[in-house]
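Below is one structure, written out as C-alpha cells, with a few remarks after it.
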Amino acid sequence: MNFESTQEREMIRQTAADVAAEYGPEHWREKERAGEFSEAFWAELADAGFHGLLIPEEYEGAGMGMQEMGLAMETLCAEGCGMAGTWYLVLTAGMAAVGIREYGTEAQKETYLPDIANGKRNFSIGITEPEAGTNTLNVATKAERDGDEFVLNGQKAWITFSDRAENMIIVTRTTPREEVDRGTDGISLFIVDMDDPNIDVSPIEKHGINYSKSCEVFLENVRVPAENILGDEDDGWWVLVDMLNPERIGFAAAGTGIGKLAANTAIEYANEREVFDAPIGSHQGVSFPITKAYAQMETAALMREKAAWRYDQGEECGYETNVAKATAVAAGIEAVKQSMQAFGGWGYATEYDVERWWREINLTRLAPVSQQMAYNHISQQLGFPKSY
Ligand SMILES: Cc1cc2nc3c(=O)[nH]c(=O)nc-3n(C[C@H](O)[C@H](O)[C@H](O)COP(=O)(O)OP(=O)(O)OC[C@H]3O[C@@H](n4cnc5c(N)ncnc54)[C@H](O)[C@@H]3O)c2cc1C
Numbered sequence: 463m464n465f466e467s468t469q470e471r472e473m474i475r476q477t478a479a480d481v482a483a484e485y486g487p488e489h490w491r492e493k494e495r496a497g498e499f500s501e502a503f504w505a506e507l508a509d510a511g512f513h514g515l516l517i518p519e520e521y522e523g524a525g526m527g528m529q530e531m532g533l534a535m536e537t538l539c540a541e542g543c544g545m546a547g548t549w550y551l552v553l554t555a556g557m558a559a560v561g562i563r564e565y566g567t568e569a570q571k572e573t574y575l576p577d578i579a580n581g582k583r584n585f586s587i588g589i590t591e592p593e594a595g596t597n598t599l600n601v602a603t604k605a606e607r608d609g610d611e612f613v614l615n616g617q618k619a620w621i622t623f624s625d626r627a628e629n630m631i632i633v634t635r636t637t638p639r640e641e642v643d644r645g646t647d648g649i650s651l652f653i654v655d656m657d658d659p660n661i662d663v664s665p666i667e668k669h670g671i672n673y674s675k676s677c678e679v680f681l682e683n684v685r686v687p688a689e690n691i692l693g694d695e696d697d698g699w700w701v702l703v704d705m706l707n708p709e710r711i712g713f714a715a716a717g718t719g720i721g722k723l724a725a726n727t728a729i730e731y732a733n734e735r736e737v738f739d740a741p742i743g744s745h746q747g748v749s750f751p752i753t754k755a756y757a758q759m760e761t762a763a764l765m766r767e768k769a770a771w772r773y774d775q776g777e778e779c780g781y782e783t784n785v786a787k788a789t790a791v792a793a794g795i796e797a798v799k800q801s802m803q804a805f806g807g808w809g810y811a812t813e814y815d816v817e818r819w820w821r822e823i824n825l826t827r828l829a830p831v832s833q834q835m836a837y838n839h840i841s842q843q844l845g846f847p848k849s850y
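Just so you know, we're using the numbering used here here: the sequence shown kicks off at 463 and counts up by one.
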C-alpha cells in the first residue's frame, strides 16, 4: 500500500466532490420527502464515470479497483449525498459489475457490463428471504432444470431497486440443502430479467433511505435460460462471497462518509450557535465526543483502504472487510449521534438533515452484514470457536 495521492485518486475525489456539491442535502431532503428515486443523480454518476469504475476498459469502464470505488463513495457521502453516495453505486456498479466481471461468460460481459458503465442498467441483488437473512445458507428459492431452462419459485425480501431494476442477480438453491454435504454447496446464481410477468414486487415501508425502494419479490414459475447462470451450477456460493466483500467495503465508506458529513455540519453549527454567550463548540462537552468519533472514522477509513487494496490484489480479505465495516459503522454512528446532540432540539428538525442521516446510518448496523455477524467473523479469525 502506498499513501501517496495519485493524480487518478485526486481526480476521483474532486469529481465526487463536484457531483456532491450539485446533489447536496437539499436534493436528498426533497427526494426523501417525496419518496422518489433520483434519476438525475443516477445519470450524473454515469457521466462522472462512477458506474463503470470497476469495469474493464474493453467493456467501456475505467478499469479501476475497490480502493478508487471506496474513495468515490466516501467522498460522495461526506460531501453532501449522505447514504445515497454508496446506495446508488453499491449494488450495480459494485456487486453486479464485479460478479459479472469475475465470473460472467463472454456473452454476459458483453451484454451487461457496457450498459452498467453507461448507467443504462440497474441491478438488484436478491439474497435475503423471510427465513434467510443473517443465515444466507437457508435460502429456499428453488431453481429446477427443465431442458435448457431453469424454473424459479420462491420469495425474496428487502430487495433494493427491484421496483425499477432491469435485472436481478438472484441466489437460489439448485440442490436442496438436505442433499448436499456442506451448506455452501448446491447454491446457484442467476441473472434474471425483472420485466418477467411472473415476478411480483411489493415495496416495504421503511425507516429511511426513501429515495429508493426495497421490496418483497415473489417468483412463480419464472423461466430463465441456463446460459443466465452466473458462475457454475451448484457452486454459486463463492461467486456470492466475492460480491459481498465489495458490498462491505461500500458500507464501510458509507459509515465514515455519513459520519463525516454529520460531523462537519455540526462543527459549522457549533461555531455559530451561541448559548451562555459562547459558541457551543467552545465547550469540550460538545467538541470532544465529535472529535473522538472523527478520529475513529479516520482509522476505520485506513482499514477500508487496506481491505480494498487486498481485494484489488486478489488476496483473501474477509477479515479486513469485516474489521473495516464494523469499525467504520461504529465510528460513523457515534459521529452522527454526537452531531445530533450538538444541534440540541434542532437536531430533531428535518431542515437540518442530521435526523435523516441518523435514520440512514442506522441501516449500516443491520445490513448488509449486521454488526454482530461482522464481529462473529472477526472473533472466529482471532481464534474463538465458531458461535453460529
Ligand atoms: C433497507 C434495507 C435494504 C436491504 N436491501 C437488501 C438487498 O438489496 N438485497 C438483499 O438480499 N437483502 C437486503 N436487505 C436485507 C438485509 O441484508 C437483512 O435484513 C440482513 O441480512 C439481516 O437479516 P434479517 O433481517 O433476516 O435478520 P435476522 O437474520 O433475523 O437476524 C436478527 C438479529 O439477530 C442477530 N443474529 C442472528 N444470528 C446471530 C448470531 N449467530 N450471533 C449474533 N447475532 C445474531 C442479527 O445480527 C440481527 O441483529 C436489506 C435490508 C434493509 C433493512
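Beta carbons: idealized from backbone N, C-alpha and C, even for Gly. The structure presented is a predicted model; accordingly, all values stated were derived computationally and were not measured.
The beta carbons of Asn824 and Gly670 sit closer together than 8 Å. By the Cβ neighbour-count rule, Ala569 is exposed, with fewer than 16 other Cβ atoms within 10 Å of its own. The shortest CA-to-CA distance from Tyr565 to any of Val703, Arg639, Trp620 is the one to Val703.
Beyond the five residues adjoining it in sequence on each side, Thr590 comes within less than 6 Å, by CB distance, of Ala619, Trp620 in the same chain, given in chain order.
Apart from sequence neighbours up to five positions away, the residues of its chain that approach Leu507 with a beta-carbon distance below 8 Å are Val481, His513, Tyr550, Leu551, Ala555, Gly581, ordered along the chain.
With a cutoff of 7 Å, Ser586 counts as near ligand 1, since its C-beta is closer than that to a heavy atom of the ligand.
Counted as a single uninterrupted DSSP element, the beta strand (DSSP E) harbouring Pro687 occupies residues 676-687. Residue state for Lys848 is assigned as coil, using DSSP reduced to three classes.
In the DSSP annotation of this structure, Ala627 is not part of any beta strand (DSSP E), being labelled neither H nor E. Here the distance from the Cβ of Tyr850 to the nearest heavy atom of ligand 1 is below 7 Å. DSSP, reduced to helix, strand and coil, places Arg583 outside both helices and strands of the structure shown, so it counts as coil. Asn707 is positioned such that its CB atom lies closer than 8 Å to that of Thr783. Across the set Tyr673, Leu515, Gln476, the C-alpha of Tyr673 shows the shortest separation from the C-alpha of Ala496. Secondary structure at Asn464: coil, using DSSP grouped into helix, strand and coil.
Minimum Cα-Cα distance from Ile752 among the listed residues Asp697, Ile795, Glu778 corresponds to Ile795. Taking the CA atoms as reference points, Lys787 sits about 6 Å from Arg710. Setting aside the 5 residues that flank it on each side, Phe652 is surrounded in the same chain by Ala605, Phe612, Leu614, Ile631, Ile632, Thr634, Val686, Asn690, Ile691, Leu692, each with a C-beta closer than 8 Å to its C-beta; the list follows chain order. When rounded, the separation of the alpha-carbon atoms in Ala757 and Ala732 is 18 Å.
For the stretch 683-742, the full-length alpha helix (DSSP H) segments reaching 4 residues or more read 699-734 along the chain. Between the alpha carbons of Glu488 and Pro576 lies a distance of about 32 Å.
The Cβ-Cβ distance between Leu538 and Gly721 does not fall below 8 Å. Each residue's CA atom was taken as its position, placing Met535 and Ala602 some 33 Å apart.
Excluding sequence positions up to five before and after Asn838, its CB lies within less than 7 Å of the CB of Ser849, Tyr850, all in the same chain and listed in chain order. Distance from the C-beta of Trp504 to the nearest heavy atom of ligand 1 is not below 7 Å.
Between Ser586 and Ala627, the gap from beta carbon to beta carbon is short of 8 Å. In this structure, Asp655 places its C-beta atom within 8 Å of the C-beta atom of Asn629. A straight line joining the alpha-carbon of Phe805 with that of Lys675 spans about 29 Å. In terms of Cβ geometry, Asp815 and Arg563 do not form a close pair [threshold 8 Å]. Around the Cβ of Tyr574, a 10 Å sphere holds 16 or more other Cβ atoms; the residue is buried. The shortest CA-to-CA distance from Gln842 to any of Met531, Gly780, Gly712 is the one to Gly780. In terms of side-chain proximity, the C-beta atom of Pro847 is found no nearer than 7 Å to any non-hydrogen atom of ligand 1. Here the distance from the Cβ of Met835 to the nearest heavy atom of ligand 1 is below 7 Å.
With contacts defined by Cβ atoms closer than 8 Å, Gly511 and Val701 do not form a contacting pair. Within the model, the alpha-carbon separation for Glu470 versus Gly698 is close to 34 Å. Cβ-Cβ distances below 6 Å link Gly527 to Asp774 in the same chain, with the five nearest sequence neighbours on each side left out; the list follows chain order. Of the candidates Ala728, Leu681, Val663, Ser624, the residue whose Cα lies closest to the Cα of Trp808 is Ala728.
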